[in-house]
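Be aware that the sequence shown starts at 940, since it is given in my numbering, and climbs by one per residue. Just so you know, even glycine gets a beta-carbon here, dropped at the ideal spot from N, CA and C. Since this is a predicted model, take the numbers as computed values, not measurements. Structure, as structure tokens:
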Amino acid sequence: MLKKLFGKKGSTDAESAAAPSTEEQAAVTEAPGEEETAEGEEPKLKKGFLRGAWEATKKLALTPVDPWFEAVAKGLDKTRAGLVTKVASLFKMHGKVDEALWEELEDILITSDVGTAATEKIIDQLRAIVKEKKLATAEPLLEEMRTILGEVLNYDGSEVPSEPADPLNIEEGRLNVILMVGVNGTGKTTSTAKLTHRLKSKGHKVILAAADTFRAAAIDQLQVWGTRLGVDVIHQNEGSDPAAVVFDAVNAAKARKADVLIVDTAGRLHSKVNLMEELRKIRKVLTREIPDAPHETLLVLDATTGQNAVNQARTFNEVANLTGLVLAKLDGTAKGGIVVAISQEFKIPVKYIGLGEKIDDLQVFHPKPFLSALFGETDG
Ligand SMILES: Nc1nc2c(ncn2[C@@H]2O[C@H](COP(=O)(O)OP(=O)(O)OP(=O)(O)O)[C@@H](O)[C@H]2O)c(=O)[nH]1
Ligand SMILES: [Mg+2]
């Protein structure tokens, strides 16, 4: 059953993380009548059963075990269990469509941090579908919900690249500046290190600025990462002016011909005016040195803090002109619905998701693998 957008078809992406079975492979590779074709090209199969078998399995065969899908699926284990498995069993066990069904669905969505606006939208649209299609049972609604979530997450139906391109405003021939901001403990420094690792492995020369000067430990933490990653960390003593560190870092990055400078800042309460002022000052110094900098301002949010993350995004955006969000610690929560809440609420895209504490546990966010991973195990 190939459904609209990425229904059943999409689920094979996540399923493909578990390698296709031997039979599935065989159905494709041994199909008689198949001629040699270039990758991605349809084989010239005869009509009938074999054609059907090809159609049913080609996705599995063409999508090799993909580390991207695999990592996202693993990081979303808790959310899958807490959100999609619950919704799937509600639709299956409840059977008929009645008010009690909508109430229970609302409970699951709200407790998974999908947020009130997105929850309302999902339920309204499902109600309309039930009416339009005259559905008597709830089971088909899981596929419909997946499609609606895709819309909320701005999925445009386009193909997903097998190698996720970093969604950053990085251009060759200039010093690209990425400013990392957020409240205390959300994962800024760890995400800075993970991002450095990603960019470095793609051939960028990265320099880090330790603009969290509040605590000596924060400077040390970034330096340890710098040593591990083999990148320079520009720092000053504890208590020095973060804007001065940034000024030094820009000059060092230029002199050392780095092409990316990532600025790790101190955690600041979004409600503390003086700290938000300090952020303005950092931005001002950057802009003075490089007129279009910072090229990215990424707000790091802790996915386990639920709706509070939504408030943080709102306040930081007023001060810092956010260009993207990093949703860290998604692996640590069953409430990954926060991605949906944030996408419904803001135009600012979720660019990365943090799926663990290791250096390669930062993944590019894309709605399709995200939903495939989320729905993977309950959809088969
Ligand atoms: N499970 C998990 N833990 C994470 C992730 N990202 C960060 N952490 C952990 O969260 C804790 C805080 O991370 P930091 O990177 O130090 O956070 P920060 O925002 O720089 O903190 P401050 O500088 O104190 O404001 C650390 O123990 C990290 O290992 C993630 O994606 N998943
Ligand atoms: Mg930090």
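Worksheet entry | Pair within 9 Å by beta-carbon distance, Ile1201 and Leu1240 | no
Worksheet entry | Per-residue burial, Met1032 [other beta carbons within 10 Å of its own, 16 or more giving buried] | exposed
Worksheet item: Ala1149: beta carbon under 8 Å from a heavy atom of ligand 1?
Response: no
Practice prompt. With DSSP as the reference, label Val1172 as helix, strand or coil.
Written response: strand
Practice prompt. Excluding the 5 residues preceding and the 5 following His1143 in the sequence, name in chain order all residues of the same chain whose CB lies nearer than 7 Å to its CB.
Written response: Asp1198 and Val1199
Worksheet item: Is any heavy atom of ligand 2 found at a distance shorter than 8 Å from the C-beta of Ala1157?
Response: yes
Fill in: Extent of the continuous alpha helix (DSSP H) run through Glu1110
Run containing Glu1110: none; DSSP gives neither H nor E here.
Worksheet item: Hey, quick one: how far does the alpha helix (DSSP H) through Leu1080 stretch, first residue to last?
Response: Leu1080 to Val1091
Discussion item. With distance defined between alpha-carbon atoms, name the residue in Lys1220, Asn1115 and Val1303 nearest to Val1258.
Written reply: Lys1220
Fill in: Same chain, Cβ closer than 6 Å to Thr1262, neighbours up to 5 away in sequence not counted
Glu1235 and Thr1236
Item to complete: Drop a sphere of 10 angstroms on the beta-carbon of Arg1222, count the other beta-carbons inside from all chains shown, and report buried for 16 or more, exposed for fewer.
Response: buried
Discussion item. For Asn1115 and Ala1232, I'd like the C-alpha separation in whole angstroms.
Written reply: 7 Å
Discussion item. Taking only three categories from DSSP, how would you classify Gly1165?
Written reply: helix
Worksheet item: On the premise that Val1279 lies in contact with Leu1134, defined as a C-beta separation below 8 Å, what is that separation, rounded to the nearest angstrom?
Response: Their Cβ separation, rounded to whole angstroms, is 24 Å, which puts Leu1134 and Val1279 out of contact at 8 Å.
Worksheet item: Just curious, the alpha helix (DSSP H) that Ala1182 is in, first and last residue?
Response: Pro1181 to Ala1194
Worksheet item: Mind checking whether the beta-carbon of Thr1152 lies closer than 8 Å to any heavy atom of ligand 2?
Response: no
Worksheet item: Which class does Leu1138 belong to by DSSP, given the choice of helix, strand or coil?
Response: helix
Practice prompt. Please say whether Asp1300 and Gly1293 have beta carbons closer to each other than 9 Å?
Written response: yes
Worksheet item: Closer than 8 Å: is that where the CB of Lys890 sits relative to any heavy atom of ligand 2?
Response: A question about residue 890 goes unanswered here, because the residues of the chain that appear run from 940 up to 1319.
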